[in-house]
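Report on the structure given below.
Protein chains: 2
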Amino acid sequence: MPRQGLNREAVVQAAADLIEEKGLASFSMGGLARRLAVRPSSLYNHVQSMDGLLEGVAALAIDRLTQAEREACEGKTGEAALFALAEAYRWYARAHPELYRAVMHVGRWGRPELEARAGDIVRPIMEVLAGFGLDETEQRHWQRVLRSVMHGFAAHEQAGAFSHFPEDRDESYRLAVRCVAGGLRRAGRKSHEDGRTDPV
Amino acid sequence: MPRQGLNREAVVQAAADLIEEKGLASFSMGGLARRLAVRPSSLYNHVQSMDGLLEGVAALAIDRLTQAEREACEGKTGEAALFALAEAYRWYARAHPELYRAVMHVGRWGRPELEARAGDIVRPIMEVLAGFGLDETEQRHWQRVLRSVMHGFAAHEQAGAFSHFPEDRDESYRLAVRCVAGGLRRAGRKSHEDGRTDPV
DNA sequence: CCTTAAAAACGAATGCTGTTAGTTTTACTG
DNA sequence: CAGTAAAACTAACAGCATTCGTTTTTAAGG
Chain Y
1 MPRQGLNREA VVQAAADLIE EKGLASFSMG GLARRLAVRP SSLYNHVQSM
51 DGLLEGVAAL AIDRLTQAER EACEGKTGEA ALFALAEAYR WYARAHPELY
101 RAVMHVGRWG RPELEARAGD IVRPIMEVLA GFGLDETEQR HWQRVLRSVM
151 HGFAAHEQAG AFSHFPEDRD ESYRLAVRCV AGGLRRAGRK SHEDGRTDPV
Chain L
1001 MPRQGLNREA VVQAAADLIE EKGLASFSMG GLARRLAVRP SSLYNHVQSM
1051 DGLLEGVAAL AIDRLTQAER EACEGKTGEA ALFALAEAYR WYARAHPELY
1101 RAVMHVGRWG RPELEARAGD IVRPIMEVLA GFGLDETEQR HWQRVLRSVM
1151 HGFAAHEQAG AFSHFPEDRD ESYRLAVRCV AGGLRRAGRK SHEDGRTDPV
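Below, the structure written as structure tokens:
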């Protein structure tokens, strides 16, 4: 029984690969152990439990998703940045459906590791929204709106729930993002007017 | 072993109750059998498999959700109907989180029973959107937008993903629905103008 | 180079899980 | 009352996550 040179990072990485290949639903410690040429019990030297492992996978997926978002927005501002962010989000969810599924699958209530990543999820979005001239509170509300639209669309699309009608889904998504962009533009104008202390 | 008078409907109903109580994640055939005072294998006289059972639970949950939507919209049109629908949707997702979870959990690809319910989900939404003066294609796109917003918000809220900031979630939701309402209003106006064959 | 101790793999076992097959009991129909 | 179909049963299987105690391997210190 030669050592496999495993550590937590390698196990999480292998789990992510396996999930991406075979799907989150059929993931098991036994299957992962088989792939790593190790007995299932050996995995517990590197990981506290299956839930803990999936937590790590979710964190990894969040990292990649947010990086894709940041790269897409690089050098852009305003609506261009908004559309780039939204496109990157949907692209990731479609390119890595099972990994994206893992992100939303693990509840965030009281999991320290994921609680920390919450900031990573929010940050690129808040940076994009910063270009619309809203105050902090409004930005936080709109951040929720945008995340709702992006995840809601991705989830429905993945579940096959948008196949009832033949209309092009790309166009539906653009329409949704345009809708948010319009709302943001108007909110920004309004916020700017209200901010004037001495209107002409 | 006296007969329990079980049938598919009773089993599905009991499964829904159990899921609502203990959560979808911890649901099991053994647990359901225990509640029904029956051996696990006996359930297979009424249900093809656990997946088939969960499919039935999802169908049941869809029925209740759409009924809540219809009741909320009764007698309303336009934006009033839109807000009522959106409120009813979120209310149901919060009042029956585990049942709502079951709806989105089962993939819809090639499941006849749920494919049939897809129409039930879409219908009340399309009726509400009918009041905005869009053509059929636009209505189908906006239906996807609205469903994305509603589910995306419900899913994030349920996962605890909107707790990062203290801002009131009710207000975020109203903002999101207002955003869709504004988009719909403008799309309706535009559609009406385009429809004129002889503009003044 | 040898010793020591920690880390990592292991085998075995526990109590779950969904599901199938074959058998027995129940309830209805002629 | 006899026969039949449905519904319950028992037993079994393979797989699951996880824990315990043991054995092996590696790395560090003297």
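Chains as they are written, first to last, in the working numbering: chain Y, 1 to 200; chain L, 1001 to 1200. Each residue gets a CB set at the ideal place from its N, CA and C atoms; glycine is no exception.
Chain L within 8 Å of residue i, Cβ atoms only
| i | result |
| --- | --- |
| residue 172(Y) | yes |
| residue 144(Y) | yes |
| residue 109(Y) | yes |
| residue 180(Y) | yes |
| residue 147(Y) | yes |
| residue 20(Y) | no |
| residue 54(Y) | no |
| residue 196(Y) | Only weak support exists for where residue 196(Y) lies, its pLDDT of 49 falling under 50; the coordinates are left without a value. |
| residue 122(Y) | yes |
| residue 156(Y) | yes |
| residue 66(Y) | no |
| residue 137(Y) | yes |
| residue 190(Y) | no |
| residue 130(Y) | no |
| residue 183(Y) | yes |
| residue 78(Y) | no |
| residue 86(Y) | no |
| residue 27(Y) | no |
| residue 153(Y) | yes |
| residue 226(Y) | No answer is possible for residue 226(Y): it lies beyond the span of chain Y, which begins at 1 and ends at 200. |
Rounded distance between the beta-carbons of residue j and residue i, thought under 8 Å
| i | j | result |
| --- | --- | --- |
| residue 1057(L) | residue 1016(L) | 5 Å |
| residue 1046(L) | residue 1011(L) | 5 Å |
| residue 1141(L) | residue 151(Y) | With a Cβ gap of about 18 Å, residue 1141(L) and residue 151(Y) do not count as contacting. |
| residue 98(Y) | residue 23(Y) | 5 Å |
| residue 124(Y) | residue 185(Y) | Residue 124(Y) to residue 185(Y), Cβ: 20 Å. No contact. |
| residue 1158(L) | residue 1061(L) | No, residue 1158(L) and residue 1061(L) are not in contact; Cβ-Cβ is about 14 Å, not under 8 Å. |
| residue 1134(L) | residue 1187(L) | 6 Å |
| residue 1148(L) | residue 149(Y) | 5 Å |
| residue 138(Y) | residue 191(Y) | 6 Å |
Any chain Y beta carbon closer than 8 Å to residue i
| i | result |
| --- | --- |
| residue 1167(L) | yes |
| residue 1199(L) | For residue 1199(L), the pLDDT reaches just 41, beneath the cut-off of 50, and the residue's location in the model is therefore unreliable, although a value from the coordinates is still provided. By this cut-off, residue 1199(L) is not an interface position. |
| residue 1104(L) | yes |
| residue 1150(L) | yes |
| residue 1175(L) | yes |
| residue 1164(L) | yes |
| residue 1141(L) | yes |
| residue 1061(L) | no |
| residue 1118(L) | yes |
| residue 1004(L) | no |
heavy atom of the ligand FMN below 7 Å from residue i C-beta
| i | result |
| --- | --- |
| residue 191(Y) | Looking at this structure, you won't find the ligand FMN or any other ligand, since it has none at all. |
key: Three or more C-beta pairs below 8 Å linking the region 1081-1095 of chain L and the region 1168-1177 of chain L   = Verdict: yes, contact present.
inquiry  = With a threshold of 8 Å, are at least 3 pairs of Cβ atoms found where one atom belongs to the region 1041-1051 of chain L and the other to the region 1087-1098 of chain L?
reply    = In short, these stretches do not touch, since the Cβ pair count stays below three.
ask   = Are the region 45-54 of chain Y and the region 127-139 of chain Y in contact at 8 Å, needing three or more beta carbon pairs?
value = No, the region 45-54 of chain Y is not in contact with the region 127-139 of chain Y.
message = Please give the ranges of any alpha helix (DSSP H) in the region 85-159 of chain Y, keeping only runs that are unbroken, at least 4 residues long and fully inside the region.
response = Counting only runs of 4 or more, we get 97-105, 112-129, 136-159.
ask   = Touch check for the region 1029-1038 of chain L and the region 1063-1080 of chain L: three-plus C-beta pairs under 8 Å?
value = The region 1029-1038 of chain L, when compared against the region 1063-1080 of chain L, does not touch it at the 8 Å Cβ threshold.
task = Count the C-beta pairs between the region 105-115 of chain Y and the region 156-165 of chain Y that are closer than 8 Å, then say yes if the count reaches three, no if not.
result = Between the region 105-115 of chain Y and the region 156-165 of chain Y there are fewer than three inter-stretch CB-CB distances shorter than 8 Å, so the stretches are not counted as touching.
ask   = Going along the chain, which unbroken runs of the beta strand (DSSP E) with 3 or more residues stay wholly within the region 1054-1087 of chain L?
value = The region 1054-1087 of chain L contains no whole beta strand (DSSP E) run of 3 or more residues.
key: Length-filtered (4 minimum) alpha helix (DSSP H) runs lying within the region 1009-1037 of chain L   = At a cut-off of 4 residues, the continuous stretches assigned as alpha helix (DSSP H) that sit fully inside the region 1009-1037 of chain L are 1029-1035.
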